[in-house]
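S.K.: Residue numbers (the UniProt record's numbering), protein chains in the order written: chain A, 1 to 304; chain B, 1 to 199.
Positions of the beta carbon are idealized from the N, C-alpha and C atoms, including for glycine.
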């Protein structure tokens, strides 16, 4: 076998921002599914999930059971990593940098600093630049997305309202973020200083978004996606991919539903495929209308 | 045929970073289209299989009737370039696949999926690629595969310092473990387009 690189070239660098944002690029067009144990992770992988998200309880159960929701037990995360070969993500509480340190030590592929869990710090998010593993964070608008990116997030997901099966907040958040990006296009430099002030986001990031017309990282949608049609709608609105939480494992037929959501996410512009994928899935998760949720129970309002 | 129109090339668009590949190919003057369906595959003279999750691409390509036309295209000698998951899709033999995962095959290789470990082991480095000349290519390895063994029909184009093979060719097939589509180095894409033009 040839070995033409005996002479040393540049040093290899691990955990760079480019490598971490790059992993998010590879997930595009895919579905990331919430799982609480290895069995669910296996089902998700077999159904065509592009990654799985480990958490202690799916959002619908966090809602119904109440109490403090935290990072999963390391044994469960180990079991999930052992069970599948697609990337494994896991959730840490907002601001809980020690949960994040643990997740990095467990060698998860991505950490979700998530409003779905109970926040650990009501003032600060995790300084994500301190970690080698990439982070995904939720956002309801462009300013929030850019603040997370300035803290080191390698991927953004619009928040939606997790555990409801009501897609209306997911729609609102992805429309808001993409609408605010569009509104920056063509603005002059002096106007961008004002835009940065109004968005409460760093000027350099605001300028980068204005010039490129997109976020500097991948943007997925989450929170309330329960059907193939929901997933396809998010893709048509401009999401790079979809997170499905309670929508799969709180439905009547998780195996079929998971595979159907994967199909609809790839063929999101083809109504015939989405129609076919929507057949015979049994009951969708029992939903909660976001408008019926008292404001303190809205998870998307966590994080700032 | 001098003065003929540019051939159309495709990028498999079932999942992954296909937009980046389309962008690079168009920047080189190619007419590049996303390919999700057999009728789209029928329109192209060359195909890039992008980075992404190989197990998802495999599943969707079989579910939507694309796997057999893709295999036929490989067999007919259509130029193809696979990056990362795309290299996996083209390999004759795959190690560490998920249960039931298949490849299109055609490339006389044994490829190990996700060979470096978790995302913490993903890295970027400068890679000497003699066939492309100087300078070395800056390469990003993201939960990347490696070529474990190279059959007699395939040729090594680049290896890491430790000897692990990460770029290969065989007739009209080209494969890299890494992602030139996200580092802005267009030389492998040009190499692929040259094969398309010559085919």
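Determine, for residue 124 of chain B, whether the minimum Cβ-Cβ distance to residues of chain A falls below 8 Å.
M.R.: Interface residue, yes.
S.K.: At least one CB of chain B closer than 8 Å to the CB of residue 128 of chain A: is that the case?
M.R.: Chain B contact via Cβ: absent.
S.K.: DSSP on residue 173 of chain A, reduced to helix/strand/coil?
M.R.: Three-state DSSP puts residue 173 of chain A in a helix.
S.K.: Here's a check: name, in chain order, each residue in its chain whose Cβ is nearer than 7 Å to the Cβ of residue 8 of chain A, leaving out the five neighbours to either side.
M.R.: Because residue 8 of chain A sits at a pLDDT of 43, beneath the cut-off of 50, its placement in the model cannot be relied upon, and the point is left open.
S.K.: Ordered along the chain, which non-local residues of its own chain (more than five positions away) have a Cβ less than 6 Å from that of residue 110 of chain B?
M.R.: Closer than 6 Å at the Cβ level, and outside the excluded window around residue 110 of chain B, lie 93, 148 and 149.
S.K.: Quick one, which residues of the segment 49-77 of chain B are near chain A if we go by CB-CB under 8 Å, in chain order?
M.R.: Result list: 51, 52, 53, 55, 56, 59, 60, 63 and 64.
S.K.: Flag this pair as yes or no: are the beta carbons of residue 67 of chain B and residue 104 of chain B separated by less than 8 Å?
M.R.: Yes, the Cβ-Cβ distance between residue 67 of chain B and residue 104 of chain B is below 8 Å.
S.K.: Is residue 115 of chain B helix, strand or coil when you go by DSSP?
M.R.: The answer is coil: DSSP assigns residue 115 of chain B none of H, G, I, E or B.
S.K.: State yes or no: is the beta carbon of residue 16 of chain B nearer than 8 Å to at least one beta carbon in chain A?
M.R.: Closer than 8 Å to some Cβ of chain A, the Cβ of residue 16 of chain B qualifies, so yes.
S.K.: Using 8 Å as the threshold, is the C-beta distance between residue 90 of chain A and residue 53 of chain A below it?
M.R.: Yes, these two residues count as a Cβ contact at 8 Å.
S.K.: Per DSSP, which residues does residue 243 of chain A bridge with? Please list them.
M.R.: Per DSSP, A:32.
S.K.: Name the two residues that bound the continuous beta strand (DSSP E) containing residue 95 of chain B.
M.R.: Here the beta strand (DSSP E) through residue 95 of chain B covers 91-95.
S.K.: Determine the chain A residues that contact residue 140 of chain B at a beta-carbon separation under 7 Å, and present them in chain order.
M.R.: Under the 7 Å cutoff, chain A gives 18, 19 and 22.
S.K.: Which residues in the same chain as residue 160 of chain B place their Cβ atom closer than 7 Å to its Cβ, once the five residues preceding and following it in sequence are excluded?
M.R.: Excluding residues within five positions, the ones whose Cβ falls inside 7 Å are 166.
S.K.: CA-CA distance, residue 197 of chain A and residue 181 of chain A?
M.R.: Answer to the nearest angstrom: the Cα atoms are 15 Å apart.
S.K.: So if I threshold CB-CB distances at 7 Å, which residues from the segment 176-198 of chain B count as touching chain A?
M.R.: Those residues of the segment 176-198 of chain B that come within reach of chain A (Cβ to Cβ, closer than 7 Å) are 179 and 182.
S.K.: Contact defined as beta carbons within less than 8 Å: I believe residue 90 of chain B pairs with residue 49 of chain B. What is the distance between those atoms, to the nearest angstrom?
M.R.: Yes, they are in contact, since the Cβ atoms of residue 90 of chain B and residue 49 of chain B sit about 7 Å apart, within 8 Å.
S.K.: Using the DSSP secondary-structure output, state which residues sit across from residue 310 of chain A in a beta bridge.
M.R.: The requested residue 310 of chain A does not occur in the structure, where chain A is confined to residues 1 to 304.
S.K.: Does the beta carbon of residue 1 of chain B sit closer than 8 Å to a beta carbon anywhere in chain A?
M.R.: Bear in mind that the predicted position of residue 1 of chain B carries a pLDDT of just 42, short of 50, making it unreliable; the figure below should be weighed with that in mind. No, residue 1 of chain B lies away from the interface with chain A (no Cβ there is under 8 Å from its Cβ).
S.K.: Residue 98 of chain B versus chain A: which residues are under 7 Å apart at the beta carbon?
M.R.: What residue 98 of chain B touches in chain A: 45 and 85.
S.K.: Under three-state DSSP, which class holds residue 138 of chain B?
M.R.: Of the three classes helix, strand and coil, the one that applies to residue 138 of chain B here is strand, per DSSP.
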